[in-house]
Amino acid sequence: MKEEVLRLQNVTQIEDGVTFLQNFNLYVFKGEIMGLLCLNDLGKEALINLICRNIPVYYGRIYLNEMLINNYEHSDMRINKVAVIDKNGSLVEDLTVTDNIFVLRRGFKKYYINNNTLNKQLKLIFNELNIKIDGRAYISDLSQYEKCVIELLKAYIGGYKLIIIKDISNYIGVNDLGKFFELLRYFCSKGISFLYVCNHHEEAFRICDRVSLMENGKILKVLERREFSDENIRPYIVEFYNLDKIVEKNTSESKGMLTFSNVWSNNLNGMSFSVEKGECVVLLDVNNTVLNDIVDIMNRTLLPGSGSIYLDGKNFLDPKNKRTLSDAVGFINEQPTKSMVFREMSYIDNLCFLVDQKNSIRKYNNSIRNSIIQEYKPLVGDDIYAEDVSSLSNASIYNLIYYRMHLFNPKIVFCLQPFYRADMYLRKHILTLLNKLKQKGIAVVILAVNIEDSLVVADRLIIIENGKFLKEYKRPAFDQLTNI
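Numbering-wise (the numbering used here), the sequence shown opens with residue 7 and increments by one.
In structure tokens, the structure reads:
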């Protein structure tokens, strides 16, 4: 008989009148990778918090290692021995790998720390797992993938039997994700269980033994591995291919709106690529090392060591062209709702922010503002009159950010991880907004560490490995992509 590591039985959780979990049932067996496919975000954070800590529930029971730890009659607020691996992490950046794994764990009681002994112990573990990380290295010097590996080892050595993996494909590259999956399987063989939280069924099907589909705080369906197929998942997901007509760009005779030629920097190793006017190109960085360099170069905060960059026929790196090209490039950050909205400003002031900077519209009469309202109200609705943007929905905030760029009308927009932590419905909405930029003739560059849904709107996919161009796929060849 299989041994249960976690069971949530008929759990309902209500906070401030909002039902986050409703009659929620979930169980995880020893040595299993249980997938949790979140169709929307409602209840996801509440569930993770509830597994990690015995916070009050409205109804239901929670068992950990087959012991009742929390129920509707009593919650002791105790922190449970459950590890969470996500982008934020729990490692101390200013300490070494060895210190984080051994010294900071529960139960470490030695007054004298023999670093040589600890490093030797760690090296034995690393050799067994074929991990090439120096135990004396500081966490701040590690890649995102290496940090995840250290988090995993820390949990294992600390005696954790249940580990939650949260949205990991959003922040480690495709190559590293495959290696991480191998580590998960190894630790499963050691009796460790995983709750693998993600937003894509293709990702969950690659690694999980079972997958639970969650929406609005409920489990809709549990799929066994033998049931992993597009046919079985289709009733529960929205189709992304019935968007407004995708604008396809013919680039066969173009010379390039943006051209990188043999560009070198800290992480770029002779990078060359081009983007045409009105084209959408996905730059897939399988190692997750170069995206920030590209953004910093185009944002003029990093000067490449060598190479040339031309934008709209002008030398982008020539200081003489800095002012001329200052309005030619736009950026949409990862999770832009957290960094690209001015909460103290009205919707229309937010919408006009970039063109205000470009054209000093505030010096003109209100007729220009009124014409903007008339143009964008059919697209965003009555939200355009909102004085307090903090009360708007997530989709409305995304409208604001993308239509601000639409109004600004640069030559090219760089979108960093546009689908990061977006649920299924929001991802479809973002695809529609990206297509709106294309329809206006704006070139779009999607900077990504995994494909996600980018190919729905893309004209080309460029794969970057070890800081340089590896290969290119045009839209007709997208159906051939199976191993990325």
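Don't be surprised by glycine CBs; every beta carbon is placed ideally from N, CA and C.
Query                                                                                                     : Result
Three-state secondary structure (DSSP) of Phe186                                                          : helix
Min CB distance Val90 to chain D below 8 Å                                                                : Absent from the structure is chain D; it holds one protein chain and no more.
CB contact flag (Tyr69, Asp100, <8 Å)                                                                     : no
Sufficient close CB pairs (3 or more, under 8 Å) joining the segment 450-457 to the segment 409-427       : yes
The ligand ATP heavy atom lying under 7 Å from the CB of Val386                                           : This structure lacks the ligand ATP; in fact it carries no ligand of any kind.
Coarse secondary structure for Gln109, derived from DSSP in three states                                  : Rather than Gln, the amino acid found at residue 109 in this sequence is Val. Helix.
Proximity winner among Leu45, Gly276, Leu56, relative to Ile224 (alpha-carbon distances)                  : The residue you asked about is not Ile; residue 224 is Lys in the sequence shown. Of the candidates Leu45, Gly276, Leu56, the one whose C-alpha sits nearest the C-alpha of Lys224 is Leu45.
Inter-residue spacing [alpha-carbon to alpha-carbon] between Phe114 and Asn136                            : Confidence in Phe114 is poor, its pLDDT being 48 and thus under 50, which makes the residue's placement unreliable; the coordinate value appears in the next sentence. So the alpha carbons of these two residues sit roughly 26 Å apart.
Helix, strand or coil at Arg84 [DSSP, three-state]                                                        : coil
Per-residue DSSP class, three states only, for Lys495                                                     : The requested residue 495 does not occur in the structure, where the chain is confined to residues 7 to 490.
Given 8 Å, three or more beta-carbon pairs between the segment 308-318 and the segment 392-404            : no
CA-to-CA distance, Glu72 to Ile171, given in whole angstroms                                              : 21 Å
Alpha carbon of Phe26 to alpha carbon of Ala392, nearest angstrom                                         : 27 Å
When Lys8, Ala52, Ser460, Phe35 are compared against Ile28, the one with the closest alpha-carbon         : For the sequence presented, residue 28 should be read as Gln rather than Ile. When only C-alpha atoms are compared, the closest one is Ala52.
DSSP three-state assignment for Asn298, whether helix, strand or coil                                     : helix
Cβ distance (whole Å) where Leu190 is taken to contact Leu168 below 8 Å                                   : No, Leu190 and Leu168 are not in contact; Cβ-Cβ is about 13 Å, not under 8 Å.
Where Gln15 falls: helix, strand or coil (DSSP)                                                           : strand
Spatial distance of Leu476 from Leu439 (CA atoms)                                                         : 29 Å
When Ser373, Tyr479, Val287 are compared against Asn441, the one with the closest alpha-carbon            : Val287
Among Val281, Tyr151, Asp299, Ser278, nearest to Ser271 - alpha-carbon criterion                          : Asp299
Assumed close pair Ile85, Cys58 - CB separation to whole angstroms, cut-off 8 Å                           : 7 Å
Check whether Leu32 and Leu14 have beta carbons under 8 Å apart                                           : yes
Nearest candidate by alpha-carbon position, reference Gly319, set Lys417, Gly311, Met263, Ile163          : Met263
Within 8 Å, strictly: CB atoms of Tyr409 and Tyr382                                                       : yes
Distance, Val335 Cα to Lys417 Cα                                                                          : 6 Å
Top-ranked residue by Cα proximity to Ser146, from Ile407, Gly95, Thr123                                  : Gly95
Bridge partner(s) assigned by DSSP for Tyr479                                                             : Leu467
Met411: first and last residue of the uninterrupted alpha helix (DSSP H) it sits in                       : 400-414
Alpha helix (DSSP H) runs contained entirely in the segment 35-90, provided each spans 4 or more residues : 50-58
Of the listed residues Ala89, Asp22, Asn133, nearest to Ile54 (C-alpha basis)                             : Ala89
Distance, Ser377 Cα to Gly179 Cα                                                                          : 44 Å
Helix, strand or coil at Cys214 [DSSP, three-state]                                                       : coil
Alpha-carbon spacing of Phe414 relative to Val244, whole angstroms                                        : 31 Å
Rounded straight-line distance, which links the Cα of Glu233 to that of Lys283                            : 43 Å
Straight-line gap, Leu183 to Ile213 (C-alpha atoms, nearest Å)                                            : 10 Å
Euclidean distance between Cα positions of Phe348 and Glu21                                               : 28 Å
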